[in-house]
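The next block holds one structure in the form of structure tokens; read it before the comments.
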Amino acid sequence: MLSIASDIDVLARFGRALADPIRCRILLALRQAPAYPAELADQLGISRTRLSNHLACLRDCGLVVTTPDGRRARYDLADERLGHALDDLRAAVVAVEADKTCADADTKGCC
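FYI, in the working numbering the residues of the sequence shown are 1 to 111.
Next comes the structure, spelled out in structure tokens:
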């Protein structure tokens, strides 16, 4: 059981970051390779302003970092373990989805 406030805060920040599909797409893209905002915006098909807002959230959550490169900033996952965590989380959700042990899954759409 999580009882240390910092552990709960860390998981809450991670959950907040994953709560938006665009932020998930950004994290998955950065899992592949570092990128510049203009490239990410083009790759994801969103405006640079919208991307900037999502990147700010991910920075505030401590999940991405910037590296200055001349007049530009390159974005990367804050720690390579985040990429592994995303892979593990996705695999676990897919496994649970295939199992669907929740009796209310089909009627309530809860799982």
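We treat Cβ as the ideally placed atom computed from N, Cα and C, and that holds for glycine.
Taking arginine 31 and leucine 89 to be in contact with their CB atoms under 8 Å, please state how far apart those CB atoms are, rounded to whole angstroms.
With 8 Å as the limit, arginine 31 and leucine 89 do not qualify as a contact, their Cβ atoms being about 11 Å apart.
3 or more residues per run - each beta strand (DSSP E) lying fully within the region 50-78:
Those beta strand (DSSP E) runs which fall completely within the region 50-78 and span 3+ residues are 64-69 and 72-77.
Does the Cβ-Cβ distance between leucine 63 and leucine 82 come in under 8 Å?
Yes, these two residues count as a Cβ contact at 8 Å.
Does alanine 29 come out as helix, strand or coil in the three-state DSSP assignment?
In this structure, alanine 29 counts as helix in the three-state DSSP scheme.
Tell me whether isoleucine 26 is buried or exposed, calling it buried when 16 or more other Cβ atoms sit within 10 Å of its Cβ.
Burial call: buried.
Alpha carbon of leucine 18 to alpha carbon of cysteine 57, nearest angstrom:
Rounded to the nearest angstrom, the two C-alpha atoms are 11 Å apart.
Short CB-CB distance (under 8 Å) between aspartate 9 and chain B
In the structure shown, chain B cannot be found, because there is only a single protein chain.
Check whether the Cβ atoms of isoleucine 46 and isoleucine 22 lie closer than 8 Å to each other.
A contact, by the Cβ cut-off of 8 Å.
Proline 37 - containing alpha helix (DSSP H), residue span
Where proline 37 is concerned, the enclosing alpha helix (DSSP H) stretches over 37-44.
Whole angstroms are fine: how far does the CA of arginine 59 sit from the CA of alanine 35?
Whole-angstrom Cα-Cα distance: 14 Å.
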